[in-house]
Amino acid sequence: MEANHNKPICNSTTRLTVHPDLEKNNKEEEEDIKQQQQQEYEILKRRISSHPLYDLLVENHLDCLKVSAIGYEERNTLSTNQQKISHKPINSSFLLHSDLDHFMEAYIAALSKLKEAMQEPQEESLAFVNSMHSQLRDLITPPSSQPPSASSGTINEI
Numbered sequence: 014m015e016a017n018h019n020k021p022i023c024n025s026t027t028r029l030t031v032h033p034d035l036e037k038n039n040k041e042e043e044e045d046i047k048q049q050q051q052q053e054y055e056i057l058k059r060r061i062s063s064h065p066l067y068d069l070l071v072e073n074h075l076d077c078l079k080v081s082a083i084g085y086e087e088r089n090t091l092s093t094n095q096q097k098i099s100h101k102p103i104n105s106s107f108l109l110h111s112d113l114d115h116f117m118e119a120y121i122a123a124l125s126k127l128k129e130a131m132q133e134p135q136e137e138s139l140a141f142v143n144s145m146h147s148q149l150r151d152l153i154t155p156p157s158s159q160p161p162s163a164s165s166g167t168i169n170e171i
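Pasting the structure below:
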């Protein structure tokens with residue numbers, strides 16, 4: 014009898030079989046969980062898109078895209094889309110959603126900082142290019158109003 018206590022409970026030939034009803038229930042539960050997650054996701058999307066700060070968030074996002082290296086046509090499209098944003102009335106039920114408020118405020122602040130961080134090097138680059146353009150123009154343009162100085166000689170004087 015003592016020898017039986019040392020035998021493994023399971024061996025490689027033992028297989029765990031799941032009853033078909035349990036397997037069906039597991040699949041149904043998984044589907045229910047997926048549907049519930051999808052519903053929660055849709056509710057969250059609606060809460061965010063109807064939040065009083067949503068328009069400001071979209072505006073800041075579009076501003077970041079305008080600053081980035083996108084083409085002229087995309088900039089015009091973004092400007093048009095930005096003008097189409099409708100300002101939604103503030104819903105008093107959002108006063109209870111302080112986590113969402115904090116998230117929206119933090120996201121807007123982060124987008125503003127990002128825009129500033131992207132603009133600074135572009136402005137520096139533009140200033141450099143303008144400076145170089147001025148210098149090149151000054152080198153190419155002959156001085157028109159300066160009288161010849163006494164120290165500058167002509168070929169005939171040599």
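Each position in the sequence shown, counted from 1, maps to that position plus 13 in this note's numbering. Idealized CB from N, CA, C, for every residue including glycine.
Considering only the alpha carbon of each residue, which of E118, L57, L113 lies closest to L70?
Of the listed residues, the one whose Cα sits closest to L70 is E118.
From D151 to S144, what distance separates their C-alpha atoms?
C-alpha separation (whole angstroms): 11 angstroms.
Here's a check: name, in chain order, each residue in its chain whose Cβ is nearer than 8 angstroms to the Cβ of L124, leaving out the five neighbours to either side.
Closer than 8 angstroms at Cβ, skipping near neighbours: L70, N73, H74, D76, C77.
For the putative contact between L113 and H64, defined by C-beta atoms under 8 angstroms, what is the C-beta separation to the nearest angstrom?
About 6 angstroms; that satisfies the 8 angstroms criterion.
Would DSSP call S81 helix, strand or coil?
It is coil, neither helix nor strand.
Round the Cβ separation of I61 and Y67 to the nearest angstrom and send it over; I've been treating them as touching at under 8 angstroms.
Between Y67 and I61 the Cβ distance is about 6 angstroms, and since that is below 8 angstroms, they are a contact.
What's the gap between the Cα of P155 and the Cα of E137?
So the alpha carbons of these two residues sit roughly 29 angstroms apart.
Go to L127, then tell me how far its alpha helix (DSSP H) extends in each direction, as first and last residue.
Residues 111–153.
Can you tell me whether DSSP reads L70 as helix, strand or coil?
Helix at L70.
How big is the Cα-Cα spacing for Q135 and L149?
Computed Cα separation, rounded: 21 angstroms.
So what does DSSP say about S62, is it helix, strand or coil?
In this structure, S62 counts as helix in the three-state DSSP scheme.
Enumerate in chain order the residues of its own chain whose CB-to-CB distance from S81 is below 8 angstroms, with the five nearest sequence positions on each side excluded.
Counting only Cβ-Cβ distances below 8 angstroms, and skipping sequence neighbours, we find M131.
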